[in-house]
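These protein sequence lines map, in sequence, to chains F and W. Each residue of the first sequence is one higher than the one before, counting from 1 in the numbering used here. Each residue of the second sequence is one higher than the one before, counting from 1001 in the numbering used here. All C-beta atoms, glycine included, are put in the ideal place defined by N, C-alpha and C. Everything numeric in this text was worked out from a predicted model, so none of it was measured. Report on the structure given below.
2 protein chains.
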Amino acid sequence: MAEAATKIRPRVLIVGAGFGGLSCARALKHTDADITIVDRNNHHCFQPLLYQVATAALTPSQIAWPIRALLRGQANATTYLAELDAIDLQKREASAGGLNLSYDYLVLATGATHSYFGHDDWERVAPGLKHVDDATAIRRRILMSFEEAELTQDAAERVRLLTFVIVGAGPTGVEMAGAIAEIARHSLNKDFRHIDPQHARIMLIEGAARVLPAYPERLSSYAALALARKGVDIRAGVTVTGCDARGVDTSAGRIEAATTIWAAGVRASPVATWLGAAHDRAGRVLVQSDLSLSGHREVFVIGDAAIVKDGDGKAAPGIAPAAKQMGQYVARAIRARIEGREPPAAFTYRHYGDLATIGRNDAVVNIPPVTLTGFMGWAFWSVAHIYFLIGARNRIAVAFNWLWDYLTYQRGVRLILGARPQD
Amino acid sequence: MAEAATKIRPRVLIVGAGFGGLSCARALKHTDADITIVDRNNHHCFQPLLYQVATAALTPSQIAWPIRALLRGQANATTYLAELDAIDLQKREASAGGLNLSYDYLVLATGATHSYFGHDDWERVAPGLKHVDDATAIRRRILMSFEEAELTQDAAERVRLLTFVIVGAGPTGVEMAGAIAEIARHSLNKDFRHIDPQHARIMLIEGAARVLPAYPERLSSYAALALARKGVDIRAGVTVTGCDARGVDTSAGRIEAATTIWAAGVRASPVATWLGAAHDRAGRVLVQSDLSLSGHREVFVIGDAAIVKDGDGKAAPGIAPAAKQMGQYVARAIRARIEGREPPAAFTYRHYGDLATIGRNDAVVNIPPVTLTGFMGWAFWSVAHIYFLIGARNRIAVAFNWLWDYLTYQRGVRLILGARPQD
């Protein structure tokens, strides 16, 4: 094949260093390609544990690593901290950070952001949880609410300040609700003199009929019971019709709340717009069975930015393992083409299972045919998440933090930062 | 005495939970007084290690603790996160966060900020290091400079981006310069493909004739040599005449630099203005020998906000041990008055010594008659700082981080955060 015969090293441009982009870059380590990876953050973030940063259990550096440090030992990889400005599919060139980056293969792994279902103005009052900065901002809001409640003399305002609304009861929403309940019940219960943090109301709103709607019903029921025991007020079958700085309007009435956290919808980053490509309602690019763009075999879209359906029409879910599998698949495909070998068969997603923690000693795990709940689920969840962290240092630090918090019922990272205006 | 006979518990209001305010609050634990402590941050910060947050070695939560968690077990202490709005000396009342707080004793421990010697507009381009948010902002600037240098195609701009100017060669300036030199030489040296971080220029500017001007000359010379060996370019006897976003003007010419860090002057917080009290040029309130305000025996000013001269006219320096000693002294004075006992003799500051680290394996320690340099100084510095941290958790975490960095030459907290606009 022409590609294999050329003397010039093929250039692979990867945009986005999340689970998909990073796994693709790493899988191309021992190839003759030059890899360039561009991300607008300097770090790869382990999103499954972001909620622990938001709830003061972990510090950002324990779940985020500088991308260029992760690729330090990979001599064929160059990292740029830059935002993608444009793609020219005809010239096979992208511009980012003032550079024109020519490519032979382009991998777009730019992920997803929150969807407010057409109400983008809600984002300001009901932040979601996708980046480290989101997590520290939410941490600040949660902790500030307790501080302001301690100061206020107005009883109604105190109730509003101690009301926390989480919209969406998927894994993230469930984990946030459980963690906030524990902060109120255990971590802060002796810290205030005028309020009792245990009186905080934590409301979990879900449009579907049950929490964790994508999980088996038995696990949903278990999670609902466990959350209720922790004091979480679940409102299933309720939709949000409005969000403002003072509360939330729902199909079941108004809730006055100082803190609203959005864990509901997801919308792909605007790859489809950049490419002028076909997409679904969530903005995900409809890719071919080899994850390439129709008409452009050299362009791949992976992870939360793409949608690919397997033989029986099922799409891979927007979770880390799916993005990783896609990244590795595309690396294999590129490698095969570079080396002039047969390309791999169509991408198929392998689902290992679902995990969601509800809090101390409690999680639901569904790895068919096995389901785990309670302490066993929680132990499995903890070990699995430490295993998937990158680097021994972070594994040790997170394990130490968790053990300490477990023994003391405390939260180690209760800092309110970034409240001053910054440059 | 009248105060001892009254049935009503005396109210002590402490403004500021730095070393001075916190040590005062803690020393009043076993008294019959009601303590209220007000701070505009939710955390007490261990400022001597702030430069390690700024240089990506430690994470904010390792050197900062929620004030209310520190005072959790002290039933007579109430904490408010609020800014002081006004003091009414006649009514003995302060307002903060919408509350009117009456006091029988008032302790002002609001610390100091940077002095730009009348050029407050320099602050925006040459940030100082007093708060956790300052440290993460400086960390972002340092790391962003390397990132932008990797991207630029312009050779002169690359030099400017890799030039770091530190203004002021007291302990903080020396520590910052040494740490940035180590980041460039060791931590980042394999992470970039287009720049060599070892070519970074680190310039330490000092108006006095030598670095660490307050230390014995022998230690100054030692520190200067050690810094030079690390590649720090020392400009002693040079004053800064201008600062802008592109560099620094000095008495010895212009330096083009993307990052300027201010470690030069200190100015007290505006306590003297609030009180209408006599103060020195740095804004520090001139207090009586018992640290009280002239004409107001019930008002005390301590720490960096005050200046007190002992018998031979020497003032206590603006360092943590001095603030702690003042806080403890005022607690003793208040306690004596509450209990109707003789007040303690005039405050005297006891100086234990000076420490400054230059980097890996190197520090200068001056605890007369002992001086230590090199590895011995560094070992002493490390142990002393871990000892003075609050809480076993942070001691373990910091010791672990330092050990890991020492063995790997890495920096664990190289995150660029807060670059997105935040609410």
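Beta-carbon proximity list for residue i, same chain, < 8 Å, skipping 5 on both sides
i	result
F:Gln-134	Note on residue identity: the sequence assigns Asp, not Gln, to residue 134 of chain F. So the list reads Leu-50, Ala-54, Pro-127, Gly-128, once near-sequence residues are dropped.
W:Glu-1150	Phe-1192, Arg-1193, His-1194, Ile-1195
W:Leu-1099	Tyr-1080, Ala-1082
F:Arg-420	For F:Arg-420, the pLDDT reaches just 48, beneath the cut-off of 50, and the residue's location in the model is therefore unreliable, although a value from the coordinates is still provided. Cβ neighbours of F:Arg-420 beyond the five flanking positions: none.
W:Thr-1241	Asp-1249, Thr-1250, Ser-1251
Exposure label - residue i; buried when at least 16 CB within 10 Å
i	result
W:Asp-1304	buried
F:Arg-68	buried
W:Asn-1401	buried
W:Ser-1102	exposed
F:His-279	buried
W:Arg-1348	The sequence shown places Thr at residue 1348 of chain W, not Arg. So W:Thr-1348 counts as exposed.
W:Val-1370	exposed
F:Leu-22	buried
F:His-199	exposed
F:Met-326	buried
W:Ala-1224	buried
W:Tyr-1406	exposed
F:Ile-416	buried
Residue i in three-state terms, based on DSSP
i	result
F:Lys-309	strand
F:Asn-361	coil
F:Met-1	Because the pLDDT at F:Met-1 is just 43, under 50, the model does not fix this residue reliably, and the value given afterwards should be weighed accordingly. Reduced to three states, the DSSP call for F:Met-1 is coil.
W:Arg-1284	coil
W:Ala-1392	helix
F:His-194	coil
F:Tyr-51	helix
W:Glu-1256	strand
W:Gly-1247	strand
F:Tyr-349	coil
W:Pro-1066	strand
W:Ser-1023	helix
F:Ser-221	helix
F:Thr-59	coil
W:Thr-1152	coil
F:His-296	strand
F:Ile-302	coil
W:Tyr-1409	coil
F:Phe-164	strand
Same chain, Cβ closer than 6 Å to residue i, five either side skipped, listed in chain order
i	result
W:Val-1232	Ala-1177, Ala-1181, Ile-1202, Leu-1204
F:Ala-331	Cys-24, Ala-27, Leu-28
F:His-186	Tyr-409
W:Gln-1424	Shown here, chain W extends from 1001 to 1423; a query on residue 1424 of chain W therefore has no answer.
W:Arg-1124	none
F:Ala-322	Ala-316, Tyr-349
W:Ser-1095	Asp-1085, Ala-1086
W:Pro-1010	Ala-1033, Asp-1104, Ile-1338
Rounded C-alpha distance that separates residue i from residue j
i	j	result
W:Cys-1045	W:Leu-1070	12 Å
W:Leu-1372	F:Arg-335	58 Å
W:Leu-1143	W:Arg-1414	7 Å
W:His-1382	W:Asp-1362	Looking at the sequence itself, residue 1382 of chain W is Ser, so the reference to His does not match. Rounded to the nearest angstrom, the two C-alpha atoms are 10 Å apart.
F:Ala-57	F:Gly-73	31 Å
F:Leu-293	F:Asp-32	23 Å
F:Ile-338	F:Gln-328	15 Å
W:His-1030	W:Ala-1075	10 Å
F:Ala-384	F:Ile-367	12 Å
W:Ile-1319	W:Gly-1283	16 Å
F:Gly-16	F:Gly-391	20 Å
W:Tyr-1215	W:Asp-1354	8 Å
F:Leu-286	W:Gly-1168	58 Å
F:Leu-13	F:Ile-35	6 Å
F:Ala-64	F:Ser-269	21 Å
Residues near residue i by beta carbon distance below 7 Å, same chain, minus five either side
i	result
W:Ala-1346	Ser-1289, Asp-1290
F:Thr-79	Ile-37, Ile-67, Arg-68, Leu-71
F:Ala-333	Asp-290, Pro-343, Pro-344
F:Tyr-352	Pro-321, Ile-367
Heavy atom of the ligand FAD within 6 Å of residue i beta-carbon
i	result
W:Val-1232	As for the ligand FAD, it is missing from this structure, which has no ligand bound.
Original post:
Do three or more CB pairs link the segment 1111-1126 of chain W to the segment 1224-1239 of chain W at distances below 8 Å?
Top reply: no
Subject >> Meets three-Cβ-pair contact criterion under 8 Å: the segment 103-111 of chain F and the segment 251-264 of chain F >> reply: no
Original post:
Quick check: the segment 1156-1167 of chain W against the segment 81-98 of chain F, are there 3 or more CB pairs under 8 Å?
Top reply: no
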